[in-house]
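Protein chains: 2
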Amino acid sequence: MRAVDIISKKRDGGELTREEIDFFVEGFTHDEIPDYQAAAWAMAVVLRGMTPRETYDLTQAMIASGERLDLSQIARRPVDKHSTGGVGDKTTLVIQPIVAAAGVPLGKMSGRGLGFSGGTLDKMESIPGYKSDLTAGAFLRQLREIGLVLCGQTAKLAPADGKLYALRDVTGTVPSVPLIASSVMCKKIAGGAKALVLDVKVGAGAFMSSVRDGTRLARLMVDIGRRAGMQVIALISDMNQPLGHAVGNAIEVREALDTLRGGGPADFREHCLAVAGHLIQLGGAAPSHAAAKRLARDMLAGGEALDKFRRLVRAQSGDERYIEEPDRLPTASIRKAVPSPRQGYLAEINALQVGMAAVILGAGRSKKGEPIDHAVGIVVHHKVGDRVKKGEPLFTVHANDPAKAEEATEQVLKAHVFSRSPVDPLPLFYRTLRS
Amino acid sequence: MRAVDIISKKRDGGELTREEIDFFVEGFTHDEIPDYQAAAWAMAVVLRGMTPRETYDLTQAMIASGERLDLSQIARRPVDKHSTGGVGDKTTLVIQPIVAAAGVPLGKMSGRGLGFSGGTLDKMESIPGYKSDLTAGAFLRQLREIGLVLCGQTAKLAPADGKLYALRDVTGTVPSVPLIASSVMCKKIAGGAKALVLDVKVGAGAFMSSVRDGTRLARLMVDIGRRAGMQVIALISDMNQPLGHAVGNAIEVREALDTLRGGGPADFREHCLAVAGHLIQLGGAAPSHAAAKRLARDMLAGGEALDKFRRLVRAQSGDERYIEEPDRLPTASIRKAVPSPRQGYLAEINALQVGMAAVILGAGRSKKGEPIDHAVGIVVHHKVGDRVKKGEPLFTVHANDPAKAEEATEQVLKAHVFSRSPVDPLPLFYRTLRS
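Residue numbers (numbering that gives the first Met the number 0), protein chains in the order written: chain A, 0 to 434; chain B, 0 to 434.
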């Protein structure tokens with residue numbers, strides 16, 4: 000078998016066999032197939048696609064490149080969740096404590112990655128002392144003891160995926176539904192999950208802009224999960240406007256803490272409760288989604304979720320005082336409330352533009368390894384459909400640099416589009432797919 | 000400007016600007032753009048194509064990566080020819096001496112490359128002593144003195160093309176009409192030609208299998224030449240059956256010598272005269288193609304072409320005795336005439352299968368740098384349309400290994416397809432395109 004023949008077969012639109020995919024992924028993992036062959040192959044996959052069978056085989060080949068976690072001693076049916084990411088997506092910080100409080104263990108290994116704001120780990124590291132690097136043993140121990148972990152990659156799960164992703168990032172081969180689907184699923188399966196909730200975001204601030212494209216991606220991931228014997232629920236959720244109000248790092252942690260205390264933005268809270276409900280039901284702690292969602296709401300109302308979050312921070316050496324006193328969290332030197340330039344109904348708050356403004360301020364990375372500023376970001380004060388008066392605060396810019404504050408202000412002003420006539424609010428979810 | 004953005008633009012079907020193409024080729028030439036980015040870009044070009052304008056800009060960018068030859072002191076309008084290559088394609092050995100004898104200088108830098116038989120240089124090196132490596136100065140001197148040179152690359156013409164071709168060869172990105180066209184044309188333009196005859200072969204034994212595909216490639220090369228201010232004639236010629244009779248190295252030199260002496264296979268002779276006629280006319284030594292072809296025929300009949308070949312061999316240190324006594328050329332230990340298994344009209348002599356048989360015998364390379372056996376090959380005794388009797392010699396296998404001789408025999412037998420009813424002979428040329 001020769002790599003060039005496999006590349007040529009895919010170039011001509013052929014369906015690769017399992018043996019060919021195994022050969023290619025194994026060779027690439029062990030540096031026997033060079034980057035330039037993998038890059039040509041990836042571009043052929045982007046433009047020619049892969050069948051669900053090929054995508055499943057690719058997922059399995061990437062799993063086989065590394066270690067697998069066994070969570071069977073920790074839960075009857077270990078659950079996990081994955082969000083495709085968006086602007087203001089701090090859902091893990093709320094969902095995980097709720098689910099753990101409801102008796103369903105949920106350990107998460109998150110990435111730092113690129114994005115409009117930092118990754119989940121960057122957000123958690125707004126809390127001084129918080130340690131993200133755990134050994135695989137420590138991960139399992141903490142998950143067993145308190146039911147939640149939030150750290151970086153511990154075990155060497157699917158190293159082929161990490162290597163391929165780094166190459167795709169610099170060769171224009173990221174936008175491929177099969178490559179994205181297999182990249183997400185290989186880490187979830189290798190991580191030991193047997194049930195999974197996928198939050199596939201669609202809209203201006205998401206990787207997939209339309210419900211149709213998001214559904215294609217979701218369907219393929221559900222298919223991979225089904226072939227791997229997993230239960231999978233995929234939610235197609237809105238990312239046309241930021242989720243909640245805060246877009247940044249420390250300001251998102253503050254919003255998550257508000258939510259864990261029973262407050263927080265209504266859209267964000269409802270989103271978290273819906274996802275948490277699915278996880279609780281899949282984990283076997285409630286007989287229906289409605290019952291699971293009620294249980295989730297109780298965990299917020301009774302403070303059990305907040306308590307779980309406190310235990311998480313304590314277990315990973317974070318300073319607990321920041322939970323009781325969120326004002327201790329990093330604060331920007333400039334906090335400027337921007338008044339609405341006109342009155343009307345909000346027709347759009349372009350999530351992409353708000354996210355780009357957060358990157359301008361320093362809340363996100365445009366290059367790998369760049370430092371981020373935990374304090375800065377944007378807090379929008381309204382949602383699509385709201386009636387806004389002229390002069391009323393539209394959003395607040397948290398900045399540490401006056402010029403950047405100015406640039407971000409202009410960007411976020413442009414992101415707000417007004418209408419004279421009433422506008423319907425955006426839905427939280429568009430559809431649900433199940434394996 | 001970032002390489003990844005240029006790759007992504009082509010991936011999405013965009014048309015690259017001249018600046019983008021220059022940036023990419025220059026970066027790749029100087030190792031600032033790594034192979035993996037060039038490989039992804041090349042695959043995107045294979046699958047998305049390039050416009051004629053992009054292809055011309057790519058050609059110019061590759062020319063700009065190296066030296067250019069100036070032939071203006073040698074000829075008013077320097078000519079060159081290029082064949083896209085096929086089975087039994089020894090045309091240069093006959094055309095070049097004819098054209099030079101007619102007073103039109105023609106210097107050729109040939110490759111060794113991969114193929115069904117060796118490249119033109121491998122064929123010439125059947126003659127002991129023949130030296131293929133000349134300096135640029137020696138190339139120009141010899142061309143001025145005797146009007147013909149046949150050597151390897153002397154000047155560093157279009158090094159970006161060499162680098163890109165080596166990468167395409169191992170990444171499944173060879174089959175792209177714009178990439179092939181720019182690769183051919185950049186070397187011809189950098190080599191100083193102002194008029195060019197392209198012999199684009201189509202059929203079973205050629206890279207382009209149909210007249211339609213061959214015409215697409217020819218049209219693009221003619222367009223590049225026109226934009227560069229060149230006169231170009233492209234001939235779409237047949238490669239469904241081997242050209243002439245011999246497929247190998249020394250046996251092809253013998254056939255070329257027969258032809259230079261006024262004999263040789265009729266199809267091969269007529270092909271050479273037609274191409275030589277175009278070159279003589281373009282070079283200004285005859286007022287029309289008909290007159291130029293008559294002059295070419297005279298150069299064969301009067302022995303002037305053979306004399307030019309002799310001077311070429313002498314100038315490049317080859318042993319002239321091999322020209323007078325071709326039996327001195329390397330001879331295979333096994334020469335087996337294979338009788339026809341049946342009688343009938345020859346409907347097909349599959350050039351690809353005959354070529355593969357020659358590779359089995361060792362006449363060609365399947366990997367770069369492999370040694371070749373100059374003595375071995377196949378001589379077919381008939382052409383499509385011929386009436387053949389059962390038991391009459393169909394072809395002769397020249398081999399140095401009995402097992403390989405057996406394997407090649409079976410292969411070439413399969414290549415011959417018979418018909419009970421009469422079959423028309425194949426044309427030499429399908430069409431002619433001009434700039």
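Backbone N, C-alpha and C define an ideal beta-carbon position, used for all residues, glycine too.
Looking at the DSSP output, PHE417 of chain A sits in a beta bridge with A:LEU345. C-alpha of LEU178 of chain B to C-alpha of GLY243 of chain B: approximately 30 Å in a straight line. Per the Cβ contact rule, the segment 88–106 of chain A is not in contact with the segment 58–67 of chain A (fewer than 3 Cβ pairs under 8 Å). By the Cβ criterion, the segment 186–198 of chain B is not in contact with the segment 168–176 of chain B, since fewer than three pairs of Cβ atoms, one from each stretch, lie closer than 8 Å. Interface annotation, ASP34 of chain B: in contact with chain A, CB-CB separation under 8 Å. Beta-carbon to beta-carbon, GLN240 of chain A and LYS382 of chain A are separated by about 6 Å, close enough to satisfy the 8 Å threshold.
For SER7 of chain B, the residues of chain A that pass the 7 Å Cβ criterion are GLY171, in the order they occur in the chain. Under the DSSP assignment, GLN230 of chain B falls in the beta strand (DSSP E) whose first and last residues are 230–237.
By the criterion of a C-beta distance shorter than 7 Å, PRO325 of chain B is surrounded in its chain by ARG253, LEU256, once the five residues flanking it on both sides are discounted. Between the alpha carbons of ASP69 of chain A and GLY136 of chain A lies a distance of about 11 Å. Here the C-alpha atom of ARG260 of chain A lies approximately 33 Å from the C-alpha atom of GLU369 of chain A. For the pair of segments examined, the segment 216–225 of chain A was found not to touch the segment 98–108 of chain A: the number of CB pairs separated by less than 8 Å stays below three. ALA39 of chain A reaches chain B at ALA38, ALA39, ALA41, MET42, THR170, GLY171, THR172, counting residues in chain order whose Cβ is nearer than 8 Å. By the CB criterion at 8 Å, GLY283 of chain B and ARG76 of chain B fall inside the cutoff. One finds MET42, VAL45, LEU46, GLY171, THR172, PRO174 in chain A with Cβ atoms closer than 9 Å to the Cβ of ARG10 of chain B, taken in chain order. For PHE394 of chain A, DSSP records a beta bridge to A:VAL337, A:VAL379.
Each of B:VAL422, B:ALA407, B:LYS367, B:PHE394 was checked against the Cα of VAL379 of chain B, and the nearest Cα belongs to B:PHE394.
With distances taken between CA atoms, LEU360 of chain B lies nearest to B:VAL411 out of B:ALA289, B:ILE145, B:VAL411.
If only uninterrupted beta strand (DSSP E) runs of at least 3 residues are considered, those enclosed by the segment 143–185 of chain A are 147–150.
Under the 8 Å Cβ criterion, the segment 5–18 of chain A counts as touching the segment 37–47 of chain A, having at least three qualifying pairs.
For LEU432 of chain B, no chain A residue has a Cβ inside 7 Å of its Cβ, as the nearest lies near 28 Å away. Looking at the DSSP output, LEU195 of chain B shares a beta bridge with B:ASP79, B:VAL231. Residue burial is scored here from C-beta neighbours: GLY376 of chain B has at least 16 other C-beta atoms within 10 angstroms and is therefore classed as buried. In the three-state DSSP reduction, ALA245 of chain B falls in the strand class (E or B). ARG341 of chain A and PHE417 of chain A do touch by the CB rule: their CB atoms are close to 6 Å apart, below 8 Å. A Cβ-Cβ distance of about 25 Å is found for the pair GLU66 of chain A and LEU15 of chain A, leaving them out of contact under the 8 Å criterion. Within its own chain, the residues whose Cβ lies closer than 7 Å to the Cβ of PHE138 of chain B, once the five positions on either side in sequence are excluded, are GLY106, VAL148, CYS150, THR153, listed in chain order. Excluding the 5 residues flanking it on each side, PRO158 of chain B has same chain C-beta neighbours closer than 8 Å at THR28, SER64, GLY65, in chain order. Look at LEU328 of chain A here: in three-state DSSP terms it is coil, with no helix or strand label.
The three-state reading of DSSP puts TYR429 of chain B in strand, counting E and B together. Between THR258 of chain B and GLU269 of chain B, the alpha-carbon positions lie close to 10 Å from each other. DSSP places GLY276 of chain A inside the alpha helix (DSSP H), whose first and last residues are 265–281. Taken in chain order, the members of the segment 154–168 of chain A whose beta-carbon sits within less than 7 Å of a beta-carbon on chain B are LEU166.
The segment 350–367 of chain B makes no contact with the segment 311–318 of chain B, as fewer than three CB pairs between them are under 8 Å. Short of 7 Å from the beta carbon of SER125 of chain B, and not among the five residues preceding or following it, lie these beta carbons of its own chain, in chain order: ASN248, ALA249, VAL252, LEU328, PRO329, HIS373. Around VAL422 of chain A, the same chain offers TYR344, LEU345, ALA346, VAL383, GLY384 as residues with beta carbons nearer than 8 Å, after the five sequence neighbours per side are excluded.
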